[in-house]
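Protein chains in written order, with the numbering used here: chain A, 115 to 413; chain B, 115 to 413; chain C, 115 to 413; chain D, 115 to 413.
Protein chains: 4
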Amino acid sequence: MSLFRLIPDKSDVLQDYNKPPEQARWKRRLFEVIFQSHTPSAKLFDIILFMLILASIIILMLETIPALGSKYYLPFKMVDFFFMIIFTIEYILRIICVKSPRKYIFSFYGMVDLLAILPSYLEFIFPQSHLLMLVRSFRLLRIFRIFNMVKFLDESRMLLFAIIRSFRKIVIFLFFVVLLAIFLGSVMYVIEYEHNPGFTSIPQSIYWSIVTITTVGYGDVAPMTALGKIFASFIMILGYAIIAVPTGILSSDLSRRYARKKISIRCDECLYEDNPDGARYCSKCGNDLHGAPIVSKDL
Amino acid sequence: MSLFRLIPDKSDVLQDYNKPPEQARWKRRLFEVIFQSHTPSAKLFDIILFMLILASIIILMLETIPALGSKYYLPFKMVDFFFMIIFTIEYILRIICVKSPRKYIFSFYGMVDLLAILPSYLEFIFPQSHLLMLVRSFRLLRIFRIFNMVKFLDESRMLLFAIIRSFRKIVIFLFFVVLLAIFLGSVMYVIEYEHNPGFTSIPQSIYWSIVTITTVGYGDVAPMTALGKIFASFIMILGYAIIAVPTGILSSDLSRRYARKKISIRCDECLYEDNPDGARYCSKCGNDLHGAPIVSKDL
Amino acid sequence: MSLFRLIPDKSDVLQDYNKPPEQARWKRRLFEVIFQSHTPSAKLFDIILFMLILASIIILMLETIPALGSKYYLPFKMVDFFFMIIFTIEYILRIICVKSPRKYIFSFYGMVDLLAILPSYLEFIFPQSHLLMLVRSFRLLRIFRIFNMVKFLDESRMLLFAIIRSFRKIVIFLFFVVLLAIFLGSVMYVIEYEHNPGFTSIPQSIYWSIVTITTVGYGDVAPMTALGKIFASFIMILGYAIIAVPTGILSSDLSRRYARKKISIRCDECLYEDNPDGARYCSKCGNDLHGAPIVSKDL
Amino acid sequence: MSLFRLIPDKSDVLQDYNKPPEQARWKRRLFEVIFQSHTPSAKLFDIILFMLILASIIILMLETIPALGSKYYLPFKMVDFFFMIIFTIEYILRIICVKSPRKYIFSFYGMVDLLAILPSYLEFIFPQSHLLMLVRSFRLLRIFRIFNMVKFLDESRMLLFAIIRSFRKIVIFLFFVVLLAIFLGSVMYVIEYEHNPGFTSIPQSIYWSIVTITTVGYGDVAPMTALGKIFASFIMILGYAIIAVPTGILSSDLSRRYARKKISIRCDECLYEDNPDGARYCSKCGNDLHGAPIVSKDL
Numbered sequence: 115m116s117l118f119r120l121i122p123d124k125s126d127v128l129q130d131y132n133k134p135p136e137q138a139r140w141k142r143r144l145f146e147v148i149f150q151s152h153t154p155s156a157k158l159f160d161i162i163l164f165m166l167i168l169a170s171i172i173i174l175m176l177e178t179i180p181a182l183g184s185k186y187y188l189p190f191k192m193v194d195f196f197f198m199i200i201f202t203i204e205y206i207l208r209i210i211c212v213k214s215p216r217k218y219i220f221s222f223y224g225m226v227d228l229l230a231i232l233p234s235y236l237e238f239i240f241p242q243s244h245l246l247m248l249v250r251s252f253r254l255l256r257i258f259r260i261f262n263m264v265k266f267l268d269e270s271r272m273l274l275f276a277i278i279r280s281f282r283k284i285v286i287f288l289f290f291v292v293l294l295a296i297f298l299g300s301v302m303y304v305i306e307y308e309h310n311p312g313f314t315s316i317p318q319s320i321y322w323s324i325v326t327i328t329t330v331g332y333g334d335v336a337p338m339t340a341l342g343k344i345f346a347s348f349i350m351i352l353g354y355a356i357i358a359v360p361t362g363i364l365s366s367d368l369s370r371r372y373a374r375k376k377i378s379i380r381c382d383e384c385l386y387e388d389n390p391d392g393a394r395y396c397s398k399c400g401n402d403l404h405g406a407p408i409v410s411k412d413l
Numbered sequence: 115m116s117l118f119r120l121i122p123d124k125s126d127v128l129q130d131y132n133k134p135p136e137q138a139r140w141k142r143r144l145f146e147v148i149f150q151s152h153t154p155s156a157k158l159f160d161i162i163l164f165m166l167i168l169a170s171i172i173i174l175m176l177e178t179i180p181a182l183g184s185k186y187y188l189p190f191k192m193v194d195f196f197f198m199i200i201f202t203i204e205y206i207l208r209i210i211c212v213k214s215p216r217k218y219i220f221s222f223y224g225m226v227d228l229l230a231i232l233p234s235y236l237e238f239i240f241p242q243s244h245l246l247m248l249v250r251s252f253r254l255l256r257i258f259r260i261f262n263m264v265k266f267l268d269e270s271r272m273l274l275f276a277i278i279r280s281f282r283k284i285v286i287f288l289f290f291v292v293l294l295a296i297f298l299g300s301v302m303y304v305i306e307y308e309h310n311p312g313f314t315s316i317p318q319s320i321y322w323s324i325v326t327i328t329t330v331g332y333g334d335v336a337p338m339t340a341l342g343k344i345f346a347s348f349i350m351i352l353g354y355a356i357i358a359v360p361t362g363i364l365s366s367d368l369s370r371r372y373a374r375k376k377i378s379i380r381c382d383e384c385l386y387e388d389n390p391d392g393a394r395y396c397s398k399c400g401n402d403l404h405g406a407p408i409v410s411k412d413l
Numbered sequence: 115m116s117l118f119r120l121i122p123d124k125s126d127v128l129q130d131y132n133k134p135p136e137q138a139r140w141k142r143r144l145f146e147v148i149f150q151s152h153t154p155s156a157k158l159f160d161i162i163l164f165m166l167i168l169a170s171i172i173i174l175m176l177e178t179i180p181a182l183g184s185k186y187y188l189p190f191k192m193v194d195f196f197f198m199i200i201f202t203i204e205y206i207l208r209i210i211c212v213k214s215p216r217k218y219i220f221s222f223y224g225m226v227d228l229l230a231i232l233p234s235y236l237e238f239i240f241p242q243s244h245l246l247m248l249v250r251s252f253r254l255l256r257i258f259r260i261f262n263m264v265k266f267l268d269e270s271r272m273l274l275f276a277i278i279r280s281f282r283k284i285v286i287f288l289f290f291v292v293l294l295a296i297f298l299g300s301v302m303y304v305i306e307y308e309h310n311p312g313f314t315s316i317p318q319s320i321y322w323s324i325v326t327i328t329t330v331g332y333g334d335v336a337p338m339t340a341l342g343k344i345f346a347s348f349i350m351i352l353g354y355a356i357i358a359v360p361t362g363i364l365s366s367d368l369s370r371r372y373a374r375k376k377i378s379i380r381c382d383e384c385l386y387e388d389n390p391d392g393a394r395y396c397s398k399c400g401n402d403l404h405g406a407p408i409v410s411k412d413l
Numbered sequence: 115m116s117l118f119r120l121i122p123d124k125s126d127v128l129q130d131y132n133k134p135p136e137q138a139r140w141k142r143r144l145f146e147v148i149f150q151s152h153t154p155s156a157k158l159f160d161i162i163l164f165m166l167i168l169a170s171i172i173i174l175m176l177e178t179i180p181a182l183g184s185k186y187y188l189p190f191k192m193v194d195f196f197f198m199i200i201f202t203i204e205y206i207l208r209i210i211c212v213k214s215p216r217k218y219i220f221s222f223y224g225m226v227d228l229l230a231i232l233p234s235y236l237e238f239i240f241p242q243s244h245l246l247m248l249v250r251s252f253r254l255l256r257i258f259r260i261f262n263m264v265k266f267l268d269e270s271r272m273l274l275f276a277i278i279r280s281f282r283k284i285v286i287f288l289f290f291v292v293l294l295a296i297f298l299g300s301v302m303y304v305i306e307y308e309h310n311p312g313f314t315s316i317p318q319s320i321y322w323s324i325v326t327i328t329t330v331g332y333g334d335v336a337p338m339t340a341l342g343k344i345f346a347s348f349i350m351i352l353g354y355a356i357i358a359v360p361t362g363i364l365s366s367d368l369s370r371r372y373a374r375k376k377i378s379i380r381c382d383e384c385l386y387e388d389n390p391d392g393a394r395y396c397s398k399c400g401n402d403l404h405g406a407p408i409v410s411k412d413l
């Protein structure tokens, strides 16, 4: 059951290749281990993969530290090579065991898996490449695999629900914040640009106003004129007040969800709809609920 | 239906010129396209206008970047001229198609439209003007047109509702925050002014206390004495606690609104009150609900 | 009706001198104008006093700006003298018209009024005083009068209610935050003190950890070692999470208050308890509800 | 009743040594004074201990201030010695009066008490130790004793309840934030590393992205390229929006708790379950409810 199952067009794609192939038993077994997570060996696979991804990301980070990167050049290269082989094998196994390899390859996770190993080969072929760092950073895409792996935690599903429900409202709110930042930044530019080397252009002023409204406040650009400081104070107090808006939206959405909705899982087999949220097997017919749709009803 | 319809005195003004003129058919058609948004051509007009405003704002921003502004002086001037012509035509069309041109001209959006094109003419007549930048920034007022155009998104109405409902409370809260900032800033001035070049006057200290209470924290002014740091820590913790107040107000307001209120639209024609929030046509008589008043009832 | 009426021991004191004196009619009239706010002349008095306090505070601020303070020394002195006379007259009038002058003088507002004018006399007697600025800042105490004057806004009462209800919880929360800041600051001191000139002592490190937990982030002190940065990241994420606590407390308190409580005012005269929140006169016997106790009942 | 009673495995351990020993009367009396807090002498002991711990922590802090530490070297040493003796006596008394000294010694608080005095002895034996500061900071562990002492405040229990209930959700949320910070930090590294001395490595960039997402914003590292500033603005606005998530979780949890749950204490003696939250003695059999389990029921 994918974390992204809740987004319809994505889940449809996944649904297709997520069914185990019917040809061979070992393929079905392999599919269970790699793509699912309800057998002990599948859980072990998930945990090992999680560890390997984490290790490869940490290695990638350490490589960029100048002092370490030059000192341990060879060991790093060897570890890189090791991970390249491991993840290539994983990719090949994934292709082998799905019913429709093509659908997997062009799915979101198929692309992530490919892009995370392909650049490593480029790096070995053209070691002096100028785009080396860009290419290397593609390996970080594997973080999405970790996102996907947190699927076994029920809390994350609840959270995701609330965020998706509030998504449109929060996006509209952020759109207003950006418009506000553009407007306030431009006004600030008119106030400050003759006296302050930090406000050299309107985009720079907008950057400053976003830094201020979001209460980040780096201080690399700060108002210098008296009028600028008064206006900046006004922007800060405004930012302080409007931070309440996304919080209020999400709080009331989460409250309402618990108060009024009942979340259950519908069995694909017998169409029984009252399986409790988080159930693994249908309580009526015993069918595996993996990938079954979530149903939310008003009480 | 204006975004500001919810503010009574503004909506009354809008109501007046928002009715299509009865003289000519082409004027009525033009009015529909320009002022309304429920026919395909009206939607197309809205989208094109949105794009043009966005483009004109982006051009205005890029012009202020010194490196670009001097290099592409002529192309920028030409694009400015193009937008000036386009928005002048739009303004004239708006005047032509409304029933009462004078009411439109002196309405909020009429003023915005005028102020956004008038300065461009001044710029062409007096290109060496000292107030050039101020004059130019008037073009940014067109952002309000974008605000107005988001009217077709139901979520923004809901959001606006909650903000307007909580407006008085939040303003009072912000008033207390400002009073607090004045008081704490003055105390901080007494503590720091002899030892810290950043606390040169009470207004400067108040600026610092607003920066601190709102958790922005630029760092351009920071306490230096031991007592000042202790007092600053106290202010920060206070700011950390009182940020809960506007959030709490809005959260509880949003929660209550959903729990107890029912929002509907009253038809101007048959006075039927139960049209669902967001409806475009009256479910009883089929009248266009554009501009019809919103009714909120306790359950 | 004082803003502080909700705090029992304070309201008792206020109750005593808040009753109009019975001796003379002009005293009663004066009392109504100065201490109450439901007659037109009392409202006018409130507004004029509000303006004068605001003006005196603004003048006090401007005086501290070095450029202005030296240039307009004499005008500032004259304005100071004017305010001194005005507020002295106000203080004397307040003493005259209350029933028990002594109780007023030793009440919170009596002290505020006295401390706000007394230092001005000291300033005129000892103009070269070293403590000049400290003495002068006492005038800012008058801000509390403004706090008191916002009593006619119903929203502020509601807000105050929620804050007072949540006060203990928020104080305990802040106490935990301070303990946490002490602990984390000390750990950070051990990590950074040998490598970073900003972490010279544990109090300095605690100051830094408060700046970080509250997400203010001046940047005057920042971690420099790798371990310090990792630990600082942990503190920031912690601060990001625990900011939810005071907000959650207040949100749920405000929500509950509306859901379950009914706020009304009990008439002192006929003991009728169902006067709606914000009522000025008892709906049963018509008695003035000024100063009457607020009653909150569970539904 | 320990603050940590709510965490099962810890409370079990505590339960064991928390029972007064049956051998001698003076031991039982001592146990009541030291470990419990419902008799006057026990409360006095708690307050004195609280003061001593606070004083010892303040002294420890002041010692690290270079100016004070060298000037008052001897007085500080003497005060340190005094606290060492006092807390050693306290530790010995605790061992004496519990039923199972071994269980106490290896319990969480036993370890805290030991680690808070042991290093002081090391300091006296090896005064020139290089790890002096690390060793000294162990004394700060005593802060946990203060955390434990706030048990008599009912509000802290309610707060703790809400935090524990939301703990898993908040941890998962923070895990996502960290993953996001890693991803965004890495992208920012690719954008900035050639132009900005602040983005020397991916870990450094991740540190920056955490500083930004959490809206702390030190400003020691800030974007310099145009693309970097655009991307940073995006990160800030994202951070501004996702701060709503933990707040929303906690708000809705606190609201629900009050709306639907009833918290009571079950008597260990008669198993009566409806003792109100905060009760000290069972309302049925009069048994001391100290250490009795909290029961939460759905209404």
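All C-beta atoms in this analysis are idealised placements derived from N, C-alpha and C, irrespective of residue type, glycine included.
Here's the rule: buried if 16 or more other CB atoms are within 10 angstroms of the residue's CB, otherwise exposed. What is Tyr303 (chain C)? Under this definition Tyr303 (chain C) is a buried residue.
Amino acids of chain D, ordered along the chain, whose beta-carbon sits closer than 7 Å to that of Ser365 (chain B): Ser365
With a Cβ-Cβ cutoff of 9 Å, do Ile359 (chain D) and Ile277 (chain A) count as a contact? At residue 359 (chain D) the sequence reads Val, which differs from the Ile that was named. The criterion of a C-beta distance shorter than 9 Å is satisfied by Val359 (chain D) and Ile277 (chain A).
Using a Cβ-Cβ cut-off of 6 Å (strictly less than) and excluding sequence neighbours within five positions of Arg256 (chain B), which residues of its own chain qualify? Ile167, Ala230
Run down chain B in chain order and give the residues with a C-beta less than 9 Å from the C-beta of Met225 (chain A). Chain B residues near Met225 (chain A): none, gap ~31 Å exceeds 9 Å.
For Met192 (chain C), count neighbouring C-beta atoms within 10 Å of its own C-beta (all shown protein chains included) and say buried if the count is 16 or more, exposed if not. exposed
Hey, does Ser369 (chain B) have any beta-carbon neighbour from chain D nearer than 9 Å? yes
Buried or exposed: where does Arg374 (chain B) fall if 16 or more other Cβ atoms within 10 Å of its Cβ makes it buried? Low confidence applies to Arg374 (chain B): its pLDDT is 48, below 50, so where it sits in the model is not reliable, and the reading given next is rough at best. With fewer than 16 other Cβ atoms within 10 Å, it is exposed.
Excluding the five sequence neighbours on either side, which residues of its own chain have a C-beta within less than 8 Å of the C-beta of Ser300 (chain C), listed in chain order? Ile316, Ser319, Ile320
Contact set between the region 148 to 160 of chain B and chain A, restricted to residues whose Cβ is under 8 Å from the partner: If the cut-off is 8 Å between Cβ atoms, the region 148 to 160 of chain B has nothing near chain A.
By a C-beta neighbour count over all protein chains shown, 10 Å radius and 16 as the cutoff for buried, is Arg208 (chain D) buried or exposed? That one is buried.
Below 9 Å between beta carbons: does that hold for Gly353 (chain A) and Ile327 (chain A)? yes
Do Ile284 (chain A) and Leu364 (chain A) have their CB atoms nearer than 9 Å? yes
Strictly below 7 Å CB to CB, what residues from chain B border Gly331 (chain D)? Those within 7 Å of Gly331 (chain D) in chain B are Gly331.
Please list, in chain order, all residues of the same chain as Ile324 (chain D) whose beta carbon is under 6 Å from its beta carbon, the five residues on each side excluded. So the list reads Ala295, once near-sequence residues are dropped.
Just the Cα atoms here: how many angstroms apart are Ala156 (chain D) and Ser214 (chain D)? 21 Å
Terminal residues of the continuous alpha helix (DSSP H) containing Phe195 (chain C)? Membership of Phe195 (chain C) in the alpha helix (DSSP H) is indicated by the continuous run 187 to 211.
Between the region 339 to 367 of chain D and chain B, which residues of the former have a C-beta closer than 7 Å to a C-beta of the latter? Hits within the stretch, in order: Thr361, Ser365.
Out of A:Phe348, A:Met350, A:Val335, A:Leu232, point me to the one whose CA is closest to Ile199 (chain A)'s CA. A:Leu232
Please list, in chain order, the chain C residues whose beta carbon lies closer than 8 Å to that of Asp194 (chain D). Those within 8 Å of Asp194 (chain D) in chain C number zero; the least Cβ separation is about 14 Å.
Checking 9 Å against the spacing of the C-beta atoms, do Val335 (chain B) and Gly312 (chain B) come in under that value? yes
If I'm right that Val226 (chain A) touches Phe258 (chain A) with Cβ under 8 Å, what's the distance once you round it to whole angstroms? 5 Å
Pick out whichever of C:Met338, C:Arg253, C:Phe345, C:Gly342 has its Cα sitting closest to the Cα of Leu174 (chain C). C:Arg253
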